[in-house]
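Asker: Numbering (our numbering), first residue to last: 345 to 430. There's a structure below that I have some questions on.
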Amino acid sequence: MVKKTIYTTVVRRLDPLGRIVLPKKYRKKCEMDIKDDVEMYLEGSAICVKKYNTRCKLCGETDNLIVFKGTNLCPACVAGIKRLKV
């Protein structure tokens, strides 16, 4: 699977504390909800922000997560998937 980069420019002014508001369409595209943790890192001279996934995608569990193809799953959900008759 090839990820397509979409270049849409939005200019925001930093407030006195250095904060900006991420546009709602960006948050929706990245599946970010209120109170989600985000990860910030530098890539060259760019500041990158992405959702920090620390929960099972299916149930929200936070312990003993297994990462499968970029998706966090807990052992209980993995076991449930294995029991499915497909």
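Heads up, the beta-carbon is just placed ideally off N, CA and C, and yes, glycines get one too.
On a Cα-Cα basis, can you pick out the residue from 401, 394, 379, 378 that is closest to residue 385?
Answerer: Nearest of 401, 394, 379, 378 to residue 385, Cα basis: 394.
Asker: My output table needs one value for residue 355: the three-state DSSP class, helix, strand or coil.
Answerer: Three-state DSSP puts residue 355 in coil, outside helix and strand.
Asker: Quick one: give me the first and last residue of the alpha helix (DSSP H) that residue 372 is part of.
Answerer: Counting along the chain, the alpha helix (DSSP H) containing residue 372 begins and ends at 368-373.
Asker: Can you give me the C-alpha to C-alpha distance between residue 362 and residue 356, rounded to a whole angstrom?
Answerer: Taking the straight line joining both Cα atoms gives about 11 Å.
Asker: Which residue's Cα is closest to the Cα of residue 374: 396, 360, 418, 419?
Answerer: Selected option, being the one with the closest Cα: 396.
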